[in-house]
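Colleague: Below: one structure in structure tokens.
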Amino acid sequence: MAAATVFDSTLFGNTFGTEEIRECFSERSYVSKLIEAECALARAEEDEGVIPQGTASVIQKHSHVSKIDWPLLAQKAEIVGYPILGLVEQMASWVPHQEAGYIHWGATTQDIMDLASQLQIKEGLVIVERLLNETVTILESMTSKYRDTSMAGRTHLQHALPITFGYKCGVWLAGLRRHAERLQQIKDRCLLVQFGGAAGTLASLGTSDSGIRVRKRLAVILGLRDPVITWHVARDTIAEVVNFLALVGGSLGKIALDLIMMSSNELNEVAEPFVPHRGASSTMPQKRNPISSEIILAQSKILRAQAGLVLDAMVSDFERASGPWHLEWAALPVAFISAVGSLHQANFALSGLQVNQDAMKANLESTRGLIVAEAVMMKLAVYVGRQEAHEIVYGACVSALDKNTSLLEALEKVSEVTQHLSSEELSLLCDPSQYLGCCQLMVDELLSSSDGVKTNGKANATFFVNGKNWANIQDYRSTIIRMVKEGHQVASHTYGHPNLVHLDEANVKLEMTKLEDEFIKILGKFPIYMRPPYLSHNTQTLKVLGELGYKVIDADIDTLDWRHNAPHAVGQSLELFSGRLWNGGSIVLMHDIHRSTVENLVPLVIKRLAQSGKRAVTIGECLGDPKENWYRESRSEVKYLVKDHSKTNKDWHVYKIWKANKLTWSE
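Quick note on the numbering used here: the sequence shown kicks off at 3 and runs consecutively.
Structure (structure tokens):
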């Protein structure tokens, strides 16, 4: 079948979505999940004694999407109006006769189709969550980086008051953090198992509780929540998922609209990342259109349209709907593809956004002080009252515009102003950089809070941080503040990640003191724990580090995760970890340079440790060292500590995660 929409188009597919999300909602994936649902139902019924033992494994063994006769399935679906009857017939033809009779036992078409949709939603939300977290991380960095970058705040498209670009990014960030919180709630509330039979009563499995037991078991098998009662015509959870995606699209659309307007030639405050010919015109060589933002803006409108469809689908008649359900079939794939496409475009645009701070400053000053008229009014109001002060300053603004002068010049000619405010006071009041209100304070509070970004509660870590290696430490100010706030330990990994053995004493000290200065800018203090890059040290480096007061941490297991980013290699790293984990404890290194470590290896290691009766603690906690001893506010000479891990006790278990960081495991 030829592509007919931008979502499955060869030309536009990767503009409006990604291959990953299209595969999740592809026809093949959907039918595969229909088969998965049928097999899981048989397994649940066998586990609960509803069908004979051994039946489910036979059905599972013979059922695979690769066996589907697609033309036949399509023909049958067109005749019936639904794909399940044709699917069950094909599955029955694959499975030996005795077991085939138990396929689809007690179920109805909507049960299986809803289950497949829930599995798609579950998979799709994983993709959305990953991309949303990336957007949040990017915006946290931007909010911190541009905390003090003044610019014009605009209302009704006109200059209003000075703000900072960090404040603007923070407003964007706060909304997306709330979406991250909503997503966690949705995963807990909206991923429901469906099994009710023809009218939702489970009558096909008898009047005992066997049907309910099967439903509960089916929920466990598929990793879904048991809803207690059938939801064939209670479609609020589907509507909530799509409306959540529309909310994300709305927030991204607001960001995109800001970027489009800020990138206009007249403002020239930002530009999307430069890629040769991206945003080019076929006739105007000078053009560099904000393509990602334009796509996001269009996608946000598409998402709002899908939200309307699923809200309409909620209005169902009696116990099984006579039509509205079909709206979900159209809305769900479009909503997920649009949301993921929008997040993908946003992450591209924001991660490489070119910020013209000079243009921001010039635009801020372009009205020659009018943008801080409120500052003058509020100061003058102390003497003459707010209403009169408003009229006086309003008159000065009109005069400044009429005579093309600065606000300061206009104010200095108004006696009602000069009799209360000196020239020095007026000059200060007319400086936009002095009227930022609580912009920076709000940014700091935002960055120091997790505000909807949840940790999984499974592990505490010691994070060994560089000053400038993979990234600049100041770009991750909010992340480091968050680490400390959430009970993790931050430690030093040198400023530039050199091999300390190759440096003389002066440069070893320089590596450490430069990083101390960076930590002080962020935390007001710096760590006393450190790990040498490459685990490389000698007598000289230990002497210098000891003189600086550092506790030096070594390691005894390297998962070698830094060498690879292939799925099969995660298993190799896990086996390296498991094979060398001993009862006395281990210090294990992992790195975040590959996504596979953070998203795949880390959870597996945590699970393996939990199975071994171990728990995660920071290095300081493992040593019994109080938190107040983890950091210093000034430099001093203290004895250094190097732990001989070949003789360590059972309390030493360390594990490395994220930005060159380490987590400690304790039994």
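C-beta atoms are modelled at their ideal positions from N, C-alpha and C, and glycine is treated no differently.
State yes or no: is the C-beta of residue 345 within less than 9 Å of the C-beta of residue 134?
Modeller: By one-based count along the sequence shown, residue 345 stands at place 343. By one-based count along the sequence shown, residue 134 stands at place 132. Taking 9 Å as the Cβ cut-off, residue 345 and residue 134 qualify as a contacting pair.
Colleague: Around the Cβ of residue 276, are there at least 16 other Cβ atoms within 10 angstroms (buried) or fewer (exposed)?
Modeller: The residue you call residue 276 lines up with position 274 of the sequence shown. Looking at its Cβ environment, which holds fewer than 16 other Cβ atoms inside 10 Å, residue 276 is exposed.
Colleague: Taking its Cβ as the centre, do 16 or more other Cβ atoms sit within 10 Å of residue 413, making it buried, or is it exposed?
Modeller: For the purposes of this step, residue 413 is identified with residue 411 of the sequence shown, where counting begins at 1. Burial call: buried.
Colleague: Relative to the C-alpha of residue 160, which residue among 372, 148 and 171 is closest?
Modeller: The residue you call residue 160 lines up with position 158 of the sequence shown. Residue 160 has its Cα closest to that of 372, out of 372, 148 and 171.
Colleague: Suppose only complete runs of 4+ residues qualify. What are the alpha helix (DSSP H) ranges in the region 196-223, listed by chain order?
Modeller: DSSP runs (the alpha helix (DSSP H)) wholly in the region 196-223: none.
Colleague: Do residue 40 and residue 93 have their C-beta atoms within less than 9 Å of each other?
Modeller: Indexing the sequence shown from 1 puts residue 40 at position 38. Indexing the sequence shown from 1 puts residue 93 at position 91. Yes. Within cutoff.
Colleague: Alpha carbons only, please: which of 383, 503, 146 and 528 is nearest the one belonging to residue 445?
Modeller: As a working note, residue 445 is residue 443 in the sequence shown. Of the candidates 383, 503, 146 and 528, the one whose C-alpha sits nearest the C-alpha of residue 445 is 146.
Colleague: Sort out for me which residues DSSP pairs residue 400 with in a bridge.
Modeller: What you label residue 400 is simply residue 398 of the sequence shown in a count that begins at 1. In DSSP, residue 400 forms no bridge with anything.
Colleague: Determine the closest residue to residue 170 out of 184, 143, 292 and 183, with distance taken between C-alpha atoms.
Modeller: On the sequence shown, residue 170 is found 168 positions in, with the first residue counted as 1. Residue 143 is the option with its Cα nearest to residue 170.
Colleague: Alpha carbon to alpha carbon, how far is residue 546 from residue 508? Give it in angstroms, no decimals.
Modeller: For the purposes of this step, residue 508 is taken as residue 506 along the sequence shown, with counting starting at 1. For the purposes of this step, residue 546 is taken as residue 544 along the sequence shown, with counting starting at 1. Roughly 9 Å between the two C-alpha positions.
Colleague: Mind checking residue 362: buried by the 16 CB within 10 Å criterion, or exposed?
Modeller: The residue given as residue 362 occupies position 360 in the sequence shown. Buried, because 16 or more other Cβ atoms sit within 10 Å of the Cβ of residue 362.
Colleague: In the DSSP assignment, what are the bridge partners of residue 164?
Modeller: Reading the sequence shown from its first residue, position 162 is the one you call residue 164. Looking at the DSSP assignment, residue 164 forms a beta bridge with 154.
Colleague: My understanding is that residue 247 touches residue 351, with C-beta atoms under 8 Å, so please give their C-beta distance in whole angstroms.
Modeller: By one-based count along the sequence shown, residue 247 stands at place 245. By one-based count along the sequence shown, residue 351 stands at place 349. Rounded, the Cβ-Cβ distance is 19 Å, inconsistent with contact.
Colleague: I'd like the ranges of any alpha helix (DSSP H) spanning at least 4 consecutive residues and lying wholly in the region 331-395.
Modeller: For the region 331-395, whole alpha helix (DSSP H) runs of length 4 or above, ordered along the chain, are 359-367 and 375-386.
Colleague: Answer with buried or exposed for residue 315, where buried requires no fewer than 16 other C-beta atoms within 10 angstroms of its C-beta.
Modeller: By 1-based counting over the sequence shown, the position of residue 315 is 313. Classification for residue 315: buried.
Colleague: Who pairs with residue 273 in a beta bridge, going by DSSP?
Modeller: Locating residue 273 in the sequence shown gives position 271, where the first residue counts as 1. 356, per the DSSP bridge assignment.
Colleague: Is residue 239 near residue 191, with beta carbons less than 9 Å apart?
Modeller: In the sequence shown, the residue the question calls residue 239 occupies position 237. In the sequence shown, the residue the question calls residue 191 occupies position 189. Yes. Within cutoff.
Colleague: Specify the secondary structure class of residue 9 as computed by DSSP and reduced to three states.
Modeller: As a first step, residue 9 must be located in the sequence shown, where it is residue number 7. DSSP places residue 9 in coil when its eight states are reduced to three.
Colleague: Would you tell me roughly how many angstroms separate the C-alpha atoms of residue 262 and residue 156, rounded to the nearest one?
Modeller: Within the sequence shown, the letter at position 260 stands for residue 262. Within the sequence shown, the letter at position 154 stands for residue 156. Rounded to the nearest angstrom, the two C-alpha atoms are 14 Å apart.
Colleague: Should residue 201 and residue 330 be called a contact, given that it needs their Cβ atoms to be closer than 9 Å?
Modeller: Stepping through the sequence shown from its first residue, residue 201 is reached at position 199. Stepping through the sequence shown from its first residue, residue 330 is reached at position 328. Not a contact, by the Cβ cut-off of 9 Å.
Colleague: Does the distance from the C-beta atom of residue 47 to that of residue 56 stay below 9 Å?
Modeller: Here residue 47 corresponds to residue number 45 of the sequence shown, with the count starting at 1. Here residue 56 corresponds to residue number 54 of the sequence shown, with the count starting at 1. The answer is no: Cβ separation not under 9 Å.
Colleague: What does the Cβ neighbour count give for residue 519, buried or exposed, with the cut at 16 atoms within 10 Å?
Modeller: In the sequence shown, counting from the first residue as 1, residue 519 sits at position 517. That one is exposed.
Colleague: Hey, residue 258 and residue 299 are a contact pair by Cβ (cut 8 Å); roughly how many whole angstroms apart?
Modeller: Sequence index remark: in the sequence shown, residue 258 carries index 256 (1-based). Sequence index remark: in the sequence shown, residue 299 carries index 297 (1-based). So it is a contact: roughly 5 Å between Cβ atoms.
Colleague: Comparing C-alpha positions only, which one of 120, 107 and 14 sits nearest to residue 34?
Modeller: As a first step, residue 34 must be located in the sequence shown, where it is residue number 32. When only C-alpha atoms are compared, the closest one is 120.
Colleague: Using 8 Å as the Cβ pair cut-off and three pairs as the minimum, do the region 460-480 and the region 491-504 touch?
Modeller: Flag = yes, the region 460-480 and the region 491-504 touch.
Colleague: Rounded to a whole number of angstroms, what is the C-alpha to C-alpha distance between residue 463 and residue 384?
Modeller: For this step, residue 463 is matched to residue 461 along the sequence shown. For this step, residue 384 is matched to residue 382 along the sequence shown. Roughly 53 Å separates the two Cα atoms.
Colleague: Please go through the same chain and pick out, in chain order, the residues whose beta-carbon is closer than 6 Å to the beta-carbon of residue 112, but skip the five residues on each side of it.
Modeller: Residue 112 sits at position 110 when you count from the first residue of the sequence shown. Correct list, in chain order: 234.
Colleague: Identify which residue in 137, 138 and 165 has its Cα closest to the Cα of residue 148.
Modeller: Position 146 of the sequence shown, counted from the start, is the residue given in the question as residue 148. Considering only alpha carbons, the answer is 165.
Colleague: Here's the rule I'm using: 16 or more other beta-carbon atoms within 10 Å means buried, otherwise exposed. How should residue 286 be labelled?
Modeller: Numbered from its first residue, the sequence shown carries residue 286 at position 284. It counts as exposed.
Colleague: By a C-beta neighbour count over all protein chains shown, 10 Å radius and 16 as the cutoff for buried, is residue 593 buried or exposed?
Modeller: Here residue 593 refers to the residue found at position 591 of the sequence shown. Buried, by the Cβ-count rule.
Colleague: Within its chain, find whatever has a CB closer than 7 Å to the CB of residue 243; leave out the 5 residues flanking it on each side and keep chain order.
Modeller: Within the sequence shown, residue 243 is the residue found at index 241, counting from 1. Only 123, 188 and 192 meet the Cβ criterion.
Colleague: Considering only DSSP beta bridges, list what residue 194 is partnered with.
Modeller: In the sequence shown, counting from the first residue as 1, residue 194 sits at position 192. BP columns for residue 194 point to 227.
Colleague: For residue 229, collect the residues of the same chain with a Cβ closer than 6 Å to its Cβ; drop the 5 residues on either side in sequence, then sort them by chain order.
Modeller: Position 227 of the sequence shown, counting from 1, holds the residue named residue 229. Within the same chain, residue 229 has close Cβ partners 194.
Colleague: Would you call the region 294-311 in contact with the region 85-99, where contact means no fewer than 3 C-beta pairs closer than 8 Å?
Modeller: Flag = no, the region 294-311 and the region 85-99 do not touch.
Colleague: Inspect the beta-carbon positions of residue 18 and residue 9 and report whether they are closer than 9 Å.
Modeller: Position 16 of the sequence shown, counted from the first residue, corresponds to residue 18. Position 7 of the sequence shown, counted from the first residue, corresponds to residue 9. Their beta carbons are under 9 Å apart, which means residue 18 touches residue 9 by this criterion.
Colleague: Would DSSP call residue 34 helix, strand or coil?
Modeller: Within the sequence shown, residue 34 is the residue found at index 32, counting from 1. Here residue 34 sits in helix by DSSP.
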